[in-house]
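Going left to right, the sequence shown walks through residues 73 to 252 as the working numbering numbers them. For each residue, glycine too, the CB sits at the ideal point set by N, CA and C. Here the structure is laid out as C-alpha cells; the discussion comes afterwards.
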Amino acid sequence: MKKQNFTLVEILVVMVIITILTAFAMGAYATVKKKAYRAQTISAMKSLETAIRSYESTYNQLPFTIVTADVDVQVNDTNDVAGDGYQLLITTLAGTDAAKNPRKIPFLTLDADGSFTDAWGEALFVSFDLSYDGAVDEDKIFGYGLLSRTIAIWSKGPDMGHDVDDANVLNDYNVNSWEK
C-alpha cells in the first residue's frame with residue numbers, strides 16, 4: 073500500500089485557515105487589552121478620587137484650597153496652578169509634601185518610581201470645585217461641559233489626545249471618572 077502525501081492545495085488551505093484564526097485571535101487580544109487598560113485607568117481614577125476625598129475629610133478642604141481659594145482649578149502635568157500641580161497633588165496625597173499635608177498622612181500609594189499615572193503611562197487630569205458651588209466649571213474640563221461634582225478626573229485615553237474644544241474628536245477616547 074502506497075502512502076499518500078498531502079497535496080500542495082491541502083497545505084495551502086490549512087495555512088489559510090491558520091492565518092484567519094490568528095487574525096481573529098489578534099483582534100480579540102487587542103480588544104481585551106483595550107478594555108483592560110480602560111479598567112485599569114478607571115481604577116486609578118477611583119483611587120485618586122478616594123485619596124482626595126480622604127484628604128478633604130481630614131483637613132476639611134480640598135487640596136490647593138489655600139493657594140487658589142474661590143476659583144475652580146485644573147491640575148495636570150502641563151498647565152496648572154504651580155507649573156507641575158499634578159506632581160504636587162500626588163506628593164501631597166502620598167504624604168511626602170509636609171507643606172500641604174502637615175500630618176504626612178499617606179492617602180495614596182504611588183508606583184515604584186514615585187509616579188501615579190493612567191494605564192498608558194500618562195498623568196491624569198484633575199479639576200477641583202474650589203469655589204464650592206457644587207460644580208466644576210466647564211472651561212476646566214476637556215471634552216465635557218459644566219459638571220455637577222466637586223472633583224473631576226480624566227485621562228487622555230489610548231489616543232493620548234484631547235482638546236479644550238468639547239466637540240473635538242480628540243476627546244472621543246478620553247476616560248472620565250464621572251461616566252459609567
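Using beta-carbon positions only, say whether Ala170 and Pro178 come within less than 8 Å of one another.
-> Result no, Cβ atoms of Ala170 and Pro178 do not sit closer than 8 Å.
Answer yes or no: do Val247 and Arg125 have a C-beta to C-beta separation smaller than 8 Å?
-> No.
Roughly how many angstroms separate the alpha carbons of Asp201 and Leu120, rounded to a whole number?
-> Computed Cα separation, rounded: 16 Å.
Are Ala116 and Leu196 close, meaning C-beta to C-beta below 8 Å?
-> yes
Does DSSP classify Leu120 as helix, strand or coil?
-> helix
When DSSP labels each residue in this structure, what does Val247 get in the three-state scheme?
-> strand
Nearest to Asn132 (by Cα), restricted to the options Lys172, Ile83 and Phe188 | Lys172
Identify every residue that forms a DSSP beta bridge with Val81.
-> Its beta-bridge partners do not exist; DSSP assigns none.
Have a look at Gly229 and Glu194 and give me their C-alpha separation to the nearest angstrom.
-> 9 Å
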